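Data first, discussion second: the structure below is written as structure tokens.
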Amino acid sequence: MRAPHRNAPASVPPADVADAASVTGFDIGGTWLRFRSGGRAVRRPAPSLLNHPGLSVDALTDRLLDELTGPEVGPGRVVVSLGAAMDDLTSRVHGSGPLWGAGRPRPGLVAELARRRPDIRWHVYNDVTCAVTDLAAGRGAPLTGASRVAYVTVSSGIALKTADLAARTITVGADGFQGEIGHLPASVPAGPDPAALARLLDLPCECGGRGHVAALSAGPALPRVARALGLGPFDGARLADRVADGDREAVLLLDVVTHPVAQAIRWLTAIDPAIALVGIGGGVAEGLGGVYQRALELHLDREADYTSGAARRASPTVLAPGEIDPIRGAALLAEGFLTVVKP
Ligand SMILES: [Zn+2]
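With this note's numbering applied, the sequence shown has no gaps in its numbers, which climb one by one up to 355 at the end.
Written out as structure tokens, the structure is:
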């Protein structure tokens, strides 16, 4: 790994990752596995508990390792954006609701990759670390050096990370975590009756807990929230159109599922005034696009006080589908564009 480009402006990604198609890498989410190499891109269902509810964590881990080390891969450098809570410095993988539920993968997952394929130089990072790095290199580029950028993913799970553009760092705790907001207690907007409120805050989370942010706002939560609110049949593919048409039930559903995300943005920007940009990505937010953006803004404006001003100054922006490329972000990390550090 090259030394970090500490003195270069954050706006200049290393030339060898500017052409993202040249990177060989994986993006492993709870729903999809994406692989790119030599300009070829493929997408397959991820070897996740979400896609294979009957399989054990051990069997799922084996399938993941088989995918990563298959004949189509390498040799040379391979970058991996992994949708799991992990320590980017030690490569220790702690868990992932969408990939393994409440189970834990066996220790030494990344070391096992190196044992299976010693001809490959592995660079494995948490997917949100990859995404915030790509955001910093893209939309973060025009910002001044004192700024921070944050990325929130709203997909099969929920998490966020902030990056410091001046120091060119992403600071994580001793355990390697930063921004694991998906398993914090969720909030519910005013409106639902007390019985619905109790049902919402008791919704199960993929981690085994209840009433977490992910239990109300992640992709798998949407049909459950609709049921808890006593709404009609849920059709995710039509949700954006129904909201745009002013359908009362669809508007209520979006209002409830975006509230915990809006509250997270409010807390984040109230605590850290250096945050100049909050990018919101992931399949749920990107798929709903403009209606998701407006729902977040409504929450921030509805409970208006000076904390909503701080949140709006941080330009919460739902990103376009495909705008953030986690594989390119992983390659940027491998090149030292940003460095993960512990205090
Ligand atoms: Zn949880």
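Glycine included, C-beta positions come from ideal geometry on N, C-alpha and C. For clarity, every value in this text was computed on a predicted model and none was experimentally measured.
- In the structure shown, the three-state DSSP call for residue 67 is coil.
- In this structure, the C-beta of residue 179 stays at least 8 Å away from each heavy atom of ligand 1.
- With at least 16 other beta carbons inside 10 angstroms of its own, residue 351 counts as buried.
- Per the coordinates, the alpha-carbon of residue 129 lies some 6 Å from the alpha-carbon of residue 81.
- For residue 47, same chain residues with a beta-carbon under 6 Å away, outside a window of 5 residues either side, are 38 and 54 in chain order.
- Short of 7 Å from the beta carbon of residue 211, and not among the five residues preceding or following it, lie these beta carbons of its own chain, in chain order: 240.
- Ligand 1 has no heavy atom closer than 8 Å to the beta-carbon of residue 294.
- Residue 145 carries a helical assignment under DSSP once its states are collapsed to helix, strand and coil.
- Of all alpha-carbon atoms in 35, 56 and 99, the one lying nearest the alpha-carbon of residue 90 is that of 35.
- Counting along the chain, no alpha helix (DSSP H) covers residue 215, and no H or E run does either.
- Three or more beta-carbon pairs separated by less than 8 Å are not found between the region 198 to 207 and the region 164 to 173, which leaves the two stretches without contact.
- Cβ-Cβ distances below 8 Å link residue 140 to 163, 165, 171, 172, 173 and 191 in the same chain, with the five nearest sequence neighbours on each side left out; the list follows chain order.
- In the structure shown, the three-state DSSP call for residue 40 is strand.
- Shortest Cα-Cα distance from residue 188 to any of 311, 137 and 223 involves 137.
- Judged by beta-carbon spacing, residue 302 lies beyond the 9 Å limit of residue 333, meaning their Cβ atoms are not closer than that value.
- Residue pairing from DSSP leaves residue 167 without any beta-bridge partner.
- In the DSSP assignment, residue 181 is bridged to 176 and 351.
- Taking the Cα positions, residue 278 is about 22 Å away from residue 145.
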